[in-house]
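One structure is given below, encoded as structure tokens.
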Amino acid sequence: MLVIVGAFLPLTKTEAAPADPSADYDFVHDPAMIKEGDQYYVFSTGDPDGAVGNGNIQIRTSTDMRNWEYIGTVFDQIPSWITDELGSIPNLWAPDIHYMNGRYHLYYSGSTFGSNHSVIGLATNRTLDPSSPEYRWEDQGIVFRSTQEDNYNAIDPNLVMDDSGQPWLAFGSFWSGIKMIELDSETGKPTSPTPSIHSIAQREPPGAIEAPSIIQRDGYYYHFVSFDSCCQGTDSTYRTMVGRSKNITGPYVDPDGTSMLNGGGMQFLGNEGYMIGQGGGSVYREGDQYYFVHHYYDARDNGNPKLQIRRIDWMEDGWPYAGPAIRRGQP
1 MLVIVGAFLP LTKTEAAPAD PSADYDFVHD PAMIKEGDQY YVFSTGDPDG AVGNGNIQIR
61 TSTDMRNWEY IGTVFDQIPS WITDELGSIP NLWAPDIHYM NGRYHLYYSG STFGSNHSVI
121 GLATNRTLDP SSPEYRWEDQ GIVFRSTQED NYNAIDPNLV MDDSGQPWLA FGSFWSGIKM
181 IELDSETGKP TSPTPSIHSI AQREPPGAIE APSIIQRDGY YYHFVSFDSC CQGTDSTYRT
241 MVGRSKNITG PYVDPDGTSM LNGGGMQFLG NEGYMIGQGG GSVYREGDQY YFVHHYYDAR
301 DNGNPKLQIR RIDWMEDGWP YAGPAIRRGQ P
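Heads up: the sequence shown is residues 1 to 331, going by the UniProt record's numbering.
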């Protein structure tokens, strides 16, 4: 078990745990959501037991964000370039999905627990509709890697655009925290073979911070991260924190002004009833409404990770708080 360290601020506003989460489906972990046409798509970490999709990135679809259908995986098998780099691994992790330059860009990571010998890969597609003749995931190979000689971990990618439309990739887990590199908008890969690496969040050892997701709203970039430990079922201590900055590369601070490079962050989600370890999330925007799409470990179901979609609401001073869950049976 990991020791909880660093800033811990209570929720500014609290709500009772939803009676019925948005979708109780087995093994939905580290989800990311996007919409094409009238369909929502959720991509999530591959099942490490191989029971669903041989460990590859899972895809589910819905018309209402409430009722989801599993429709397959991005790949049939883990790409050979990943196993050549890392050896045999059970699954791919933490996808991030965006539409850029006429294609859907899906970033994902490959690694093993406790190692920073890791890779971030990219797959692209012209459409997300499996019935379309243009539907085909194309493996674009490696985007970025880390090795045991590095002080960071190249997993948990998140694409974000700055004010000028320039794409950046945030990533990181443990070690020296969350990093950011600039991407080429044509290739979706780094602008140079040795890109400048910006540090945007860090904690004291053991450095339990990961899963960045950054959005822009009203002149600020908001940086959501997960603190503490995942993947331990009901023993997980994950919680979601947030800071903000006027600049995409930081400094990101919490409401008290503590930098996220010094362990700062305002708690956005913690444990709620049977929903343990709420984290591993990403932000989805539809018009003026933002949603936080994440997993939790279900204490009613032996700690199985489940999908949860929460509306993001905003305080008068611009800080976000977790609004109601999107639940089955709602209009």
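No residue lacks a Cβ here, since even glycine has one placed at the ideal position from N, Cα and C.
With residue i as the anchor, note down where its alpha helix (DSSP H) starts and where it stops.
i           : result
residue 370 : Any property of residue 370 remains undetermined from this structure, which presents the chain solely from 1 to 331.
Around the Cβ of residue i, are there at least 16 other Cβ atoms within 10 angstroms (buried) or fewer (exposed)?
i      : result
Pro21  : With a pLDDT of 43 at Pro21, under the threshold of 50, the modelled position of this residue cannot be trusted, and the question is left open.
Gln148 : exposed
Gln289 : exposed
Ala23  : No answer about Ala23 holds up, because its pLDDT of 46 lies below 50 and its placement is not dependable.
Phe268 : buried
Arg136 : exposed
Pro320 : buried
Ser62  : buried
Asn158 : buried
Tyr221 : buried
Gly172 : buried
Arg311 : exposed
Pro133 : exposed
Pro206 : exposed
Asn151 : exposed
Which residues in the same chain as residue i place their Cβ atom closer than 8 Å to its Cβ, once the five residues preceding and following it in sequence are excluded?
i      : result
Gln77  : Asn54, Asn56
Gly323 : Glu15, Arg310, Arg311, Ile312, Asp313
According to DSSP, residue i sits in a beta bridge with which residue or residues?
i      : result
Asp298 : Met275, Asn304
Asp313 : Tyr321
Ser62  : Tyr40
Val293 : Ser282, Ile309
Ile178 : Ala201
Tyr107 : Asp96, Leu122
How is the beta strand (DSSP E) around residue i delimited, first residue to last?
i           : result
Pro320      : 320 to 325
Leu122      : 118 to 125
Pro48       : From DSSP, Pro48 is part of no beta strand (DSSP E); its letter is neither H nor E.
residue 332 : There is no way to answer for residue 332, as the model of the chain reaches only from 1 to 331.
Trp68       : Element bounds for Trp68: n/a, residue is neither H nor E.
Asn158      : 158 to 161
His198      : 198 to 201
Pro90       : No beta strand (DSSP E) holds Pro90; DSSP gives it neither H nor E.
Using a Cβ-Cβ cutoff of less than 6 Å, which residues in the same chain neighbour residue i once the five nearest sequence positions on both sides are dropped?
i           : result
Glu36       : Leu128
Gly270      : Arg239
residue 343 : Residue 343 lies beyond the range of the chain shown here (1 to 331); nothing can be said about it.
Just to confirm my understanding: we take residue i, look at its own chain, exclude 5 residues before and 5 after, and list those with CB closer than 7 Å. What are they?
i      : result
Pro167 : Met100, Leu159, Met161, Leu183, Ser185
Mind listing, in chain order, the continuous beta strand (DSSP E) runs of no fewer than 3 residues lying wholly within the stretch 208 to 250?
209 to 217, 220 to 227, 239 to 245
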